[in-house]
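In UniProt numbering, the protein residues as written are 1 to 112. Idealized CB from N, CA, C, for every residue including glycine. The structure displayed is predicted, hence computed values, not measured ones.
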């Protein structure tokens, strides 16, 4: 999809710019159940949140070159990456159209 086509689609939708998706900060205040403070008064619960892979514990398959006595070899291993959210973590979220869903994109680190 070209940039012009995407721009035409956005412009044809109408509405005000503040109705579109935007990136907003938050702070994890509870893990179980997951709750993220979104402003000084708003707290988001799991019902409104979707977690991106960068804020979860997940496994990935990694392939790399290694050397052995018989020469270079290609290895593939499965590793676990744990970027699970913790209380106090700052997060960046993508607020969905209308503000009813929030995709937690990335951790900013401990904000305590």
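Inset, instruction - Report all residues from its chain with a CB closer than 8 Å to the CB of residue 108; omit the five preceding and five following residues, and keep chain order. - result: Closer than 8 Å at Cβ, skipping near neighbours: 25, 89, 90, 91 and 92.
Legend entry - Nearest to residue 32 (by Cα), restricted to the options 53, 65 and 45: Residue 45 is the option with its Cα nearest to residue 32.
Legend entry - Minimum C-alpha distance to residue 59 - residue among 81, 30, 50 and 39: Minimum Cα distance to residue 59 is reached at 81.
Inset, instruction - Since I believe residue 104 is in contact with residue 30 (beta carbons under 8 Å), could you give me their beta-carbon distance rounded to a whole number of angstroms? - result: With 8 Å as the limit, residue 30 and residue 104 do not qualify as a contact, their Cβ atoms being about 14 Å apart.
Inset, instruction - May I have the straight-line CA-CA distance separating residue 53 from residue 72, to the nearest angstrom? - result: Those two C-alpha atoms are separated by around 32 Å.
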